[in-house]
Amino acid sequence: MKRVLLSMLIALMLMPVALFANGEAEASGPATVNYPKGNMDFVAPAGAGGGWDLTIRTVGKVLADTKLVSVPMPVRNAPGAGGAVHLGTLQTKKNDDKTITVYSPPILFFNLNGTSPYGFRNTTPLARLIADYAAFVVKADSPYKTINDVMAALKKDPKSVKIGGTSAAGSMDHVQFLIVAAAVGVQNLDRIDYVAFDDDGATQVMGGHIDLFSTSLADVMGLIESGDLKCLAQTSDHRIGTGLKAEIPTCKEMGIDVTFQNWRGLFGSPGMPEYAQTYWRETLAKMVKTPQWKEVLTRYGWDDVYLDAPDFNNFLVETEAQYKKILTEIGVI
């Protein structure tokens, strides 16, 4: 009897400890995480006014307008090396649940061309959202009237046309132009002068500092509509948008059998917690179905190419292999 009573007493003494331990486990579980709270950190890894800046600001506005997200989503710009600087900084934010950044093909080029030791595998891909296309623009009174005029000049002398872009040499703005040049048989692609600007390449081409600005069509559409710039060609396989945008010829129409898609997607920090990944994947899946999102797609002439994280990650792996092949063919690797 004494042994039974002693056992019961010990069990009663240990019960609060067990209950406390169970309570702690439940309290720290994902189901009870209060997320999101406080300010998010939305980052455009380039200067204000560019495609990344426009994309992430638009995402933040739509999420707020639709009340899908109630916490503040301020956007900050973190330019440098065509986005590679921010990718390096992102490595100091491992397991962070507040940082959301936008990237596009350069996140694949960085590692391939040696600009950065980091790439998309050093982030948490959340969703691919939109596709824009490359545009090749010149100042309104440029002697080059068509993209074929530019290519003819380069065939005679690779140094005759100075190209500019807002991504680093060997990255997107540079490579998208070289892909077109390679498709028409321009030789000595490595001799073509390319100048990288951290932000406003449009001003450089209007000022005559470069002859052609290789960029994203959405980034310069306002200057095309104002008549300050003329777009020689864009790299979709179809005419896009309405009005003046729809009048811009594709490279294919100009006899150049090539396309280039400038997709854009959102990424979290490396090791982003599962609860944060789940929240943003579910929220972005809802956002892309809203009338507000569909309206901005029409306004900016963006194609809807939404992919959830697993498919987005597969896309990145496959696209990286394609870019590696292209970069090798044109001598960048």
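Residue numbers (the numbering used here): 305 to 637.
Glycine included, every Cβ here is placed at the ideal spot set by N, Cα and C.
1. Starting from the C-beta of Asp532, find all residues in its chain whose C-beta is less than 7 Å away, skip the five residues before and the five after it, and write them out in chain order.
2. Tell me which residues share the same chain as Thr427 and place their Cβ nearer than 8 Å to its Cβ, disregarding the 5 neighbours each side in the sequence.
3. Going by alpha carbons, who is nearest to Lys629 out of Ile483, Val366 and Leu430?
4. Would you please state the rounded distance, in angstroms, between the beta carbons of Asp345 and Thr403? I believe it to be under 8 Å.
5. Less than 8 Å between C-beta atoms, sequence neighbours within five positions excluded: which residues of the same chain meet that for Gln581?
6. Can you tell me whether Ser530 is buried or exposed? The criterion is at least 16 other CB atoms within 10 Å of its CB, across all chains shown.
7. What alpha helix (DSSP H) runs, 4 residues minimum, are completely inside the stretch 412–479?
8. Apart from the five residues just before and just after Val608, which ones in its own chain have a Cβ nearer than 6 Å to its Cβ?
9. So, helix, strand or coil for Ala382, using DSSP?
10. Please work out which residues of its chain come closer than 6 Å, Cβ to Cβ, to Ala435, disregarding the five sequence neighbours upstream and downstream, and give them in chain order.
11. Using only the alpha-carbon positions, how far apart do Gly635 and Gly342 sit?
12. Quick test of your reading: Leu611 and Phe619, contact by CB under 8 Å. State the CB separation rounded to the nearest angstrom.
13. By DSSP, does Phe564 sit in helix, in strand, or in coil?
14. Rounded to whole angstroms, how far is the Cβ of Ser520 from the Cβ of Gly355, which I believe are closer than 8 Å?
15. Less than 8 Å between C-beta atoms, sequence neighbours within five positions excluded: which residues of the same chain meet that for Gln508?
16. Among residues of its own chain, excluding the 5 on either side of Glu551, which ones have a beta-carbon nearer than 6 Å to its beta-carbon?
17. Would you list the one or two residues that DSSP bridges to Gly364?
18. Measure the C-alpha to C-alpha separation of Val524 and Glu557 and round it to an integer number of angstroms.
19. Report yes if the CB atom of Tyr448 is closer than 8 Å to the CB atom of Leu536, and no otherwise.
20. Can you find the residues in the same chain that come closer than 6 Å, C-beta to C-beta, to Glu624, ignoring five residues on each side of it along the sequence?
21. Ala472 and Gly386 look like a contact to me (Cβ under 8 Å); what is the Cβ gap, rounded to whole Å?
22. Please say whether Ala506 and Tyr604 have beta carbons closer to each other than 8 Å?
23. In chain order, what residues of the same chain have a beta carbon less than 6 Å from the beta carbon of Thr674, not counting five sequence neighbours either side?
24. When burial is assigned at 16 or more other CB atoms within 10 Å of the CB, is Pro595 buried or exposed?
25. To which residues of the same chain is Ala388 closer than 6 Å at the C-beta, ignoring the five residues directly before and after it?
26. Tell me the residue span of the beta strand (DSSP E) that contains Phe517.
27. With a CB to CB cut of under 7 Å and the five nearest residues on each side skipped, what residues in its chain are close to Asp497?
Short version:
1. Hits under 7 Å: Ala444 and Met510.
2. Contacts found: Leu391, Leu394, Thr405, Tyr407, Ile411, Phe571, Gly572, Ser573 and Pro574.
3. Distances from the CA of Lys629 to each of Ile483, Val366 and Leu430 were compared; the closest alpha carbon is that of Ile483.
4. With a Cβ gap of about 5 Å, Asp345 and Thr403 count as contacting.
5. Excluding sequence neighbours, Gln581 sits near Thr428, Leu430, Gly572 and Ala613.
6. Exposed is the call here.
7. At a cut-off of 4 residues, the continuous stretches assigned as alpha helix (DSSP H) that sit fully inside the stretch 412–479 are 451–460.
8. With the sequence shown as reference, residue 608 is identified as Asp, and Val is not the correct amino acid for it. The beta carbon of Asp608 sits closer than 6 Å to those of Leu601, all from its chain and outside the five residues before and after it, given in chain order.
9. In this structure, Ala382 counts as coil in the three-state DSSP scheme.
10. Closer than 6 Å at Cβ, skipping near neighbours: Gln565, Trp567, Asp607 and Val609.
11. Rounded to whole angstroms, the gap between the alpha carbons of Gly635 and Gly342 is 47 Å.
12. Yes, they are in contact, since the Cβ atoms of Leu611 and Phe619 sit about 6 Å apart, within 8 Å.
13. Judged by DSSP in its simplified three-state form, Phe564 adopts coil rather than helix or strand.
14. Contact flag correct, Cβ pair sits at about 4 Å.
15. Contacts found: Gly468, Val499, Phe501, Ile514 and Phe517.
16. Correct list: empty, nothing qualifies.
17. In the DSSP output, where bridge partners are listed per residue, Gly364 has none listed.
18. Going by the C-alpha atoms only, they are around 21 Å apart.
19. It is a contact, given that the beta carbons lie within the stated cut-off.
20. Cβ within range, chain order: Leu412.
21. That belief holds up - the Cβ atoms of Ala472 and Gly386 are roughly 4 Å apart, short of 8 Å.
22. No, Cβ-Cβ distance for Tyr604 and Ala506 is not below 8 Å.
23. This structure cannot settle anything about residue 674, because the visible part of the chain is limited to 305 through 637.
24. Result: exposed.
25. Cβ neighbours of Ala388 beyond the five flanking positions: Phe414, Thr419 and Ser420.
26. Its beta strand (DSSP E) spans residues Leu516 to Ser520.
27. Same-chain partners within the cutoff: Lys463, Lys466 and Ile467.
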